[in-house]
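Number of protein chains: 2
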Amino acid sequence: MEKVREIVREGRRVAKEDPRRVVHSFKVGLVLALVSSFYYYQPLYDSFGVNAMWAVMTVVVVFEFSVGATLGKGLNRVAATLFAGGLGIGAHHLASMSGPTGEPILLAIFVFVQAALSTFVRFFPRVKARYDYSLLIFILTFALISVSGFREEQVVMLTHKRISTVIIGGLSCVLISIFVCPVWAGQDLHSLLASNFEKLSFFLLDFGDKYCEVVENDDTKEVDKRKKDFDNYKSVLNSKSNEESLANFAKWEPGHGQFRFRHPWKQYLAVGELIRQCAYRIHTLNSSYLNADNKVSIDIKKKLGEPLRRMSLESGKAMKEMSISLKKMTKPSSSDLHVQNARSASKSLTNLLNSGILKEVEPLELVSLLTAISLLIDIINLTEKILEALHELASAAKFKNKIEQPLFSEKQKAKSFVSLRSIKCHDEHVVTIIEDDGNNHDTSKNDNRSKEVSIHEKHEDGDTHVHARCVSCGHTIVCDVVECR
Amino acid sequence: MEKVREIVREGRRVAKEDPRRVVHSFKVGLVLALVSSFYYYQPLYDSFGVNAMWAVMTVVVVFEFSVGATLGKGLNRVAATLFAGGLGIGAHHLASMSGPTGEPILLAIFVFVQAALSTFVRFFPRVKARYDYSLLIFILTFALISVSGFREEQVVMLTHKRISTVIIGGLSCVLISIFVCPVWAGQDLHSLLASNFEKLSFFLLDFGDKYCEVVENDDTKEVDKRKKDFDNYKSVLNSKSNEESLANFAKWEPGHGQFRFRHPWKQYLAVGELIRQCAYRIHTLNSSYLNADNKVSIDIKKKLGEPLRRMSLESGKAMKEMSISLKKMTKPSSSDLHVQNARSASKSLTNLLNSGILKEVEPLELVSLLTAISLLIDIINLTEKILEALHELASAAKFKNKIEQPLFSEKQKAKSFVSLRSIKCHDEHVVTIIEDDGNNHDTSKNDNRSKEVSIHEKHEDGDTHVHARCVSCGHTIVCDVVECR
């Protein structure tokens, strides 16, 4: 009884985690019941007979969770069946010419050679990645067709029926999976990447604060909570195989929503790899910071705390903004600011270090402290690389140019209205300035919206220039301030 | 033509990488040709008829590369077919009682409910990991049996034939895969772990030397070579899924060679996870050391070089010894010494740091230098943890106690013969002392070989004690030197 209740609980958890699983189960049941009608409905049974079982078999094996996987498997299966069917008929003809004693021997040799060769080809890495299933079906169909041909009189008829039922089964799977609550592998890959960004941002947003306060509230409860919050990023470490299989499936998918047929899935993998590189650093930072035998004294933490905190916070914000812009499929413009802030924080930290602040620190404290700093700098470098890769992805995938309302509120409070003259970027784009509040106040008379720049550093009274990035080509431009309201 | 030549070249590479692949291909061809004889040989065809195709199908689908995978799939398939066959007959009987109009409707409902439910259960993580294939076959067989029962008069007979052929097909796969050049997943997991150890050792053995000489020969050729040598460890970063699937297969395998049926595969996964943790650190060390903007001056490297080099060298030696003792399935006794040496090197480095050597170093140099040191210390800590886990694995797997000839020759040159009195370890084991050269010179009169200790620190004239580890319980004991030759 307890066991049953546990299974029900587990079932609820599985369904809650991803409700599309329940829908998928219904879809499979539906298609299978539909295809079974080949047996029940007399006219259909008259034309296909026992071969109808191939439709049932195809549905069970081909219907996968995502559209891409189903399409890939379905197309692979149909193509392999067609090809192997043709070859099987040929083999059967060739064998039957050699008389009743030679035929079984020749057939056995054909089956042996074909199976051994195809099995070997399945070990080729490129074949294994994409066509493993085709080859399985190829071996199967060839053996069945050539061998049953030995007993059946009308091999061509048999093959024809078998292929038709396979096509019917495959087609019903594909149609149902596309038109009834589709699950797109591409969409899943997209969301996986966005959530990976978010997981890293969770760590980075909190790390600075926790690192600087770690000695004060060191009770186990706090440590447990921190550990749980931080552990989120660990799933990123092993996401490679998942990302790769999703990208493989996504390649089969037709255009859907904002994803085109030839969406740049390769770029997704590149960004994913960089995120994973960053996760390795975070993992090292987390373990050596949690397990540090030589705790760094509060004194030195207070002195270095401000830039250290800002470095971690700003790279966390950049990650968060990238996650959001990926989710909304807009160009990641607001992250640039945060990366620049993190860079400038790391510069002020370097200046602080150069000012001789380290002279009084114990060597063992130094090791722990400087490792954390060095890893943070490494993480900021990677964040910049990730941002670059995401910019590439965004332009390859033709993400929208819309400038998002910045996420972090302190920036909105501090926004300043700046009026700037039209300027030219390196590539001779005429750029028009819009304000930081995201409402696209056009201050120049140039109407060409595609050549706007967004202001990336707040203008403060007294400064004579601000930094801006050309939306067309991505260059950073320094603009003179004309008027400040 | 060029394309064909390329395929042949690729084929040769694939075969050379693992010659067992060629053998496997032959085995598959052989079994398939064998099972096809069901069609050719009249008496066999008389008893099974078209159902013989199920044997062919089972062979194609079940025959996997390793024994464990084949056994797991075969058993899963037979069990699922039996169970689904029984249920299918039941469903058929139940439906046939409701008359000719009700029967197809009821059958369709059964198929729908069974398929939807089983598909949902496949999403349960624990089911997915081990029984995914069973459930696929369960859905398939249930649908085919209950539905073809609608047309066939003798469902029980049909089911009986189908199950027999599935069993025959499965059995031939299992027998051939076990008795003809078997590929054991357990053996593969074992070798994978040993090679992962080796990959990390390659990096660590060279890192110290290369780090200390990096500025002198900085030509691109050297950098390229170093990069290639070092890149070996990267495959360890993503070995998790491979290790897990091998362990899953290995669980199905019967005892073979030195592996028992219930070999501690879980412990293998634990050791593998720790190796991966170490690889993350090595990856960080490698990237931040190769990309260091602030190169550390030769001057300071020379001062710290000796202990730094020893730390990396000794942990690399420990890894190498662990790799060898895992390969030979002996207890990893000689690694203990190297870990202790690495520890003592890290202690002398710490002393050196405390002596004020860092006072003259530029802060930015410091960041780069101390990060490398801190990561090395981290790696040594992990090496010790890995060694512990390997000791556990060794005693769980009942590895031999034989003390290996130490691998690294410089130790043999420097060996010193020490004669010690018998002492007692904490747990009251009487321990007998053997020398460092691995030749088991017994200097006491105690004959109990299982209670030996190996000497872990070389005795130098003037010292009055050496460290030893009790082989029975693992405790480190300090022994007084009685006589020194």
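Chains A and B are the protein sequences, given in the same order.
Following UniProt numbering, the numbering of the first sequence begins with 1 at its first residue and continues without gaps.
Following UniProt numbering, the numbering of the second sequence begins with 1 at its first residue and continues without gaps.
Cβ coordinates follow ideal geometry from the N, Cα and C atoms, glycine included.
(message) Does any residue of chain A have a CB that is nearer than 7 Å to the CB of B/D378?
(response) Yes - at least one Cβ of chain A is within 7 Å of the one on B/D378.
(message) So, under 8 Å CB-CB, A/S239 and A/R276 are touching, yes? Tell me the CB distance rounded to an integer number of Å.
(response) Rounded to the nearest angstrom, the Cβ distance from A/S239 to A/R276 is 7 Å, consistent with a contact under 8 Å.
(request) Less than 8 Å between the CB atoms is what I'm expecting for A/K320 and A/E198, so what's the real figure, rounded? (result) Indeed, because the Cβ distance is near 7 Å, the residues count as touching under 8 Å.
(message) DSSP has B/F259 in a bridge; who is on the other side?
(response) B/H256.
(request) Determine, using beta-carbon pairs with one atom in the segment 301-313 of chain A and one in the segment 330-346 of chain A, whether at least three such pairs fall under 8 Å. (result) The segment 301-313 of chain A, when compared against the segment 330-346 of chain A, does touch it at the 8 Å Cβ threshold.
(message) List, in chain order, every chain B residue whose beta-carbon is nearer than 8 Å to that of A/T284.
(response) Here the neighbours are Y280, R281, T284, L375 and D378.
(request) Could you name the residues of chain A that B/M344 contacts, counting a contact when the two beta carbons are closer than 9 Å? (result) For clarity, residue 344 of chain B is Ser in the given sequence; the question names Met instead. Neighbours of B/S344 on chain A: none; closest Cβ ~17 Å, over 9 Å.
(request) Taking A/M311 as the query, report the chain B residues whose CB atoms sit under 8 Å from its CB, ordered along the chain. (result) The premise fails here: A/M311 is roughly 13 Å from chain B at the closest Cβ pair, so nothing lies under 8 Å.
(request) Scan the segment 138-162 of chain A for residues whose Cβ lies nearer than 8 Å to a Cβ of chain B and list them as they occur along the chain. (result) Of all residues in the segment 138-162 of chain A, only I139, L140, A143, L144, V147, S148, F150 and R151 come within less than 8 Å of chain B when Cβ atoms are compared, listed by chain position.
(request) In the DSSP assignment, find the unbroken alpha helix (DSSP H) run with B/V147 in it and report its ends. (result) P125 to S148 is the span of the alpha helix (DSSP H), which, as asked, contains B/V147.
(request) On the DSSP bridge assignment, give the partners of B/T330 in chain order. (result) Under DSSP, B/T330 takes part in a beta bridge, and its partners are B/K400.
(message) Nearest by alpha-carbon distance to A/T383: which of A/L171, A/K398, A/S323 and A/L349 is it?
(response) Closest by alpha carbon: A/S323.
(message) Does B/E198 come out as helix, strand or coil in the three-state DSSP assignment?
(response) If DSSP states are grouped into helix, strand and coil, B/E198 belongs with the helices.
(message) In this structure, how does DSSP classify residue 490 of chain B when only helix, strand and coil are distinguished?
(response) Because chain B here runs from 1 to 485, residue 490 of chain B falls outside it and cannot be looked at.
(request) Measure from the C-beta of B/S422 to each C-beta in chain A and report whether the shortest distance is under 7 Å. (result) Since pLDDT at B/S422 reaches only 44, below the 50 mark, its modelled position is unreliable, and no value is offered.
(request) Note down, in chain order, every chain A residue with its Cβ under 8 Å from the Cβ of B/M97. (result) Under the 8 Å cutoff, chain A gives no residues; its nearest Cβ is about 17 Å from B/M97.
(request) Find the residues of chain B that neighbour A/T119, judging by a C-beta separation of less than 8 Å, and give them in chain order. (result) Per Cβ cutoff of 8 Å: H24, S25, V28 and G29.
(request) Would you mind telling me which residues of chain A sit closer than 7 Å to B/F124, beta carbon to beta carbon, in chain order? (result) For B/F124, the residues of chain A that pass the 7 Å Cβ criterion are E10 and V14, in the order they occur in the chain.
(request) Establish whether the CB of A/N351 and some CB of chain B are separated by less than 7 Å. (result) No, A/N351 lies away from the interface with chain B (no Cβ there is under 7 Å from its Cβ).
(message) Quick check: what's the CA-CA separation for A/G102 versus A/I145?
(response) Between the alpha carbons of A/G102 and A/I145 lies a gap of roughly 18 Å.
(message) Out of B/F65, B/V22, B/I163 and B/V60, which one is the CA nearest neighbour of B/A79?
(response) Nearest C-alpha to B/A79: B/I163.
(request) Alpha carbon to alpha carbon, how far is B/N248 from B/A394? Give it in angstroms, no decimals. (result) Each residue's alpha carbon lies about 20 Å from the other.
(request) Measuring only between beta-carbons, confirm whether A/K240 sits less than 7 Å from chain B. (result) Interface residue, yes.
(request) Consult DSSP for B/D447 and reduce its assignment to one of helix, strand or coil. (result) Legend: pLDDT at B/D447 = 35, less than 50; position of this residue unreliable, value from coordinates given subsequently. Correct three-state label for B/D447: coil.
(message) Buried or exposed, going by whether 16 or more other CB atoms sit within 10 Å of the CB of A/D231?
(response) Taking every protein chain shown into account, the CB of A/D231 has fewer than 16 other CB atoms within 10 angstroms, so this residue is exposed.
(request) List the whole-angstrom C-beta distance separating B/L390 from B/V271, where the pair is believed to meet the contact cut-off of C-beta under 8 Å. (result) Contact flag correct, Cβ pair sits at about 6 Å.
(message) One question on the structure: do B/G169 and B/T58 come within less than 7 Å of each other, judged by their Cβ atoms?
(response) Against a cut-off of 7 Å, the Cβ pair of B/T58 and B/G169 comes out as a contact.
(message) Using CA atoms only, rank isn't needed, just tell me which of B/K317, B/R77 and B/I137 is closest to A/V60.
(response) The candidate whose alpha carbon is nearest that of A/V60 is B/I137.
(message) Can you confirm whether A/T101, when its beta carbon is compared against all beta carbons of chain B, has any partner nearer than 7 Å?
(response) Taking Cβ atoms only, chain B never reaches closer than 7 Å to A/T101, which makes this a no.
(message) Residues of chain B with CB closer than 7 Å to the CB of A/F197, please, in chain order.
(response) Residues of chain B whose Cβ lies closer than 7 Å to the Cβ of A/F197 do not exist, since the nearest Cβ in that chain is about 20 Å away.
(request) Check whether the Cβ atoms of A/L32 and B/A143 lie closer than 7 Å to each other. (result) Yes, they are a contact pair.
(request) Determine the extent of the alpha helix (DSSP H) in which A/A52 is found, giving its start and end residues. (result) Careful: A/A52 lies outside any alpha helix (DSSP H) and carries neither H nor E.
(request) Return helix, strand or coil for A/V361, following the three-state DSSP convention. (result) Coil, per DSSP.
(message) Among the candidates A/K398, A/L326, A/S315 and A/K327, whose CA atom is the shortest distance from the CA of A/L337?
(response) Nearest Cα to A/L337 within the set A/K398, A/L326, A/S315 and A/K327: A/S315.
(message) Going by DSSP, what residue range makes up the alpha helix (DSSP H) through B/C173?
(response) Per DSSP, B/C173 belongs to the alpha helix (DSSP H) from V155 to F179.
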